[in-house]
Amino acid sequence: ELPRPPPQPSTADSSVSPSPMSRSTNTEAMRRVEPRRFNETPRSELTPVNTDNESEVDAWPSHHAKRTQSQKAVMGFVEEFHNFAHHISKVQEEKMNEVKGEMKTFESRVQSDTTSLESRCDALERALAAFQREHGDLIKEHGSNVLQRLSSLESTVGTLAERHARDVESTRKTTDHLSRETAGFKEAHEQHLEVEANLNTAVKGLTSAAEQTANALAT
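Below is the structure:
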């Protein structure tokens, strides 16, 4: 970040502009205030001064001091602004040198990466050419064996398919037989349950008849 410019000094006279162009105006003002400095005769020596204007005459030194102070403040501000501009120029120059150094480093890295990439591309091209040659040799060498292997695979797959079909048919027949046997077992089980129910009914009838007979004999 660039440093901020120095603050503008406050002047006693607001009519003085903080600019180098005001030097001529200040010089003319000083020429009017200090006539002795420019070999001029003071007004008080040429004409008598009225006692009523003594306060105005007494105010001239104070006004001159304010003018001098304002002029010094302006010149100080101009000097500070010049120093600030010089500092800004120096900082910009340092930043520019730093950017140039970074650009040189970046260019060297780009050049190095480009060289490395070109080397890798050349190596990949050589590897691809070798692979293509090996692939062509393999096609020529194993081209005749491919048809033989395909024929063998077709015969093997056909044999396995026929065997699988026979196994499926045998399994279906076995399943049908088991289904019929299961139906017979179910029917026999139902008959067994019916016989068991009839036996239970007969046992209950015999038990009731025995109880009635026992009661009749007891009376």
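Be aware that the sequence shown starts at 135, since it is given in the working numbering, and climbs by one per residue.
C-beta: ideal position from N, C-alpha, C; glycine also.
Remember, it's a predicted structure, so these values are computed and weren't measured experimentally.
Residue i in three-state terms, based on DSSP
i: threonine 335; result: helix
i: threonine 185; result: Bear in mind that a pLDDT of 47 at threonine 185, under 50, signals an unreliable position, so the number given afterwards is only what the model happens to contain. DSSP places threonine 185 in helix when its eight states are reduced to three.
i: threonine 341; result: helix
i: threonine 353; result: coil
i: glycine 292; result: helix
i: glutamine 346; result: helix
Residue environment, residue i, which counts as buried when at least 16 other CB atoms sit within 10 Å
i: phenylalanine 265; result: exposed
i: serine 153; result: With a pLDDT of 45 at serine 153, under the threshold of 50, the modelled position of that residue is not reliable, and no figure is offered here.
i: arginine 314; result: exposed
i: arginine 297; result: exposed
i: arginine 201; result: buried
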